[in-house]
Ligand SMILES: [Zn+2]
């Protein structure tokens, strides 16, 4: 048996459920301020390999334990204050077999009043007919940190900063309406990111990410568009990794499969794909002027977040957090300004081309 203990400043309601493939234990608590070291979260102990925590959505904080084997939540309870401790939340995990695990998967144990209501998406302001709508999508967030850099930088943090810088520039031009899929450190499902773009009637969707790779020397930005067949093995592996965001955050995919399936079936239409490619061919030279790009800077693969059938979409990997120079660059205001400037300039150029009737 493995006992997992969280010290709390007050007693909380909670909800726990398990998810398979990989084996996870998901604990939802009211919105919580975490004071846990990152090192502790990666230290494996007993049945728990590592854990993640963060805001799942407004009002709910989530803790996801990666289990080494099928487990059963044997007990979960809150201990009243004793001695030096305030409240302690205790979870006892027992090993079980895969079949029993699967039987219990998805059904919550315990209660947390606010856990299950449908998630309200951010309100999208009504469209101004004279202004193209740009949706900026900073990757990951909350319980999903994204990639973690050589020096400890979180992808979710730098991509949000860059997205805000792009928004600042586009808004300042007075020519665009900008919608963000998230503007703080909160988790957003992949499906909801696509939904926000569609509801905003977006003219362009830019998903902002930063990559990591085990070759430390590799650096530079890459632009990805959607294709059913990956342009190369590395692009395919990256798409698989980025598509795992919901798994990392402990989303119960079974509940949402229909939505996802519908989007997959609709697959991007030819015209949308052409526009996405057009934007990519404008973005690459613009990036080259300001920042380093990879040898083959435009690649393609099956990124779920690029699957709105009617919204031209690209995913930009700003650089490699596994490379010290790229990490330093993205952590500096100057580096973020350079890349944001290049992206904003490409947006302007793209709409000049589109509006000149040269489609
Ligand atoms: Zn990412």
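Numbering (the working numbering), first residue to last: 4 to 362.
Ideal Cβ positions, reconstructed from N, Cα and C, are used throughout, including at glycine.
Leaving out five residues on either side along the sequence, give the residues of the same chain with a beta carbon under 7 Å from the beta carbon of residue i.
i: residue 164; result: 339
i: residue 216; result: 323 and 325
i: residue 88; result: 10
i: residue 53; result: 44, 45, 47 and 69
Tell me which residues share the same chain as residue i and place their Cβ nearer than 6 Å to its Cβ, disregarding the 5 neighbours each side in the sequence.
i: residue 206; result: 135 and 136
i: residue 354; result: 135
i: residue 35; result: 64
i: residue 203; result: 127, 136, 138 and 182
Can you tell which of the options has its C-alpha closest to the C-alpha of residue i?
i: residue 91; options: 82, 97, 98 and 99; result: 82
i: residue 56; options: 337, 141, 147 and 198; result: 147
i: residue 193; options: 307, 99, 18 and 151; result: 307
i: residue 329; options: 203, 273 and 154; result: 154
i: residue 38; options: 9, 15 and 216; result: 9
i: residue 229; options: 98, 138, 283 and 178; result: 283
i: residue 7; options: 316, 303, 47 and 255; result: 47
i: residue 178; options: 191, 341 and 347; result: 347
i: residue 214; options: 296, 13, 54 and 89; result: 296
i: residue 110; options: 30, 359, 334 and 191; result: 30
i: residue 139; options: 359, 350, 357 and 356; result: 350
i: residue 68; options: 331, 13 and 96; result: 96
i: residue 141; options: 235, 253, 200 and 18; result: 200
i: residue 310; options: 319, 292 and 276; result: 276
i: residue 292; options: 107, 344, 145 and 357; result: 344
i: residue 98; options: 303, 78, 237 and 85; result: 78
i: residue 219; options: 327, 273, 49 and 160; result: 327
i: residue 278; options: 316, 133 and 112; result: 316
With a threshold of 7 Å (Cβ to nearest heavy atom), would residue i be considered close to ligand 1?
i: residue 149; result: yes
i: residue 152; result: no
i: residue 237; result: no
i: residue 194; result: no
i: residue 142; result: yes
i: residue 202; result: no
i: residue 245; result: yes
i: residue 330; result: no
i: residue 158; result: yes
i: residue 212; result: yes
Which of the three DSSP states, helix, strand or coil, is assigned to residue i?
i: residue 320; result: strand
i: residue 50; result: coil
i: residue 336; result: helix
i: residue 63; result: strand
i: residue 239; result: helix
i: residue 99; result: coil
i: residue 78; result: strand
i: residue 299; result: strand
i: residue 226; result: strand
i: residue 117; result: Because residue 117 sits at a pLDDT of 47, beneath the cut-off of 50, its placement in the model cannot be relied upon, and the point is left open.
i: residue 179; result: coil
i: residue 216; result: coil
i: residue 35; result: coil
i: residue 1; result: Limits of the chain in this structure are 4 at one end and 362 at the other, which puts residue 1 out of reach.
i: residue 203; result: coil
i: residue 348; result: helix
i: residue 20; result: strand
i: residue 283; result: helix
i: residue 325; result: coil
i: residue 289; result: helix
i: residue 313; result: coil
Please work out which residues of its chain come closer than 8 Å, Cβ to Cβ, to residue i, disregarding the five sequence neighbours upstream and downstream, and give them in chain order.
i: residue 104; result: 21, 23, 26, 73, 74 and 75
i: residue 117; result: Residue confidence is low: residue 117 scores 47 on pLDDT, short of 50, so the model does not pin down where it sits. Its coordinate-derived value is still stated next. Hits under 8 Å: 33, 62 and 63.
i: residue 247; result: none
i: residue 176; result: 347 and 351
Runs of beta strand (DSSP E) lying entirely within the region 123 to 168, each at least 3 residues, in chain order
136 to 141
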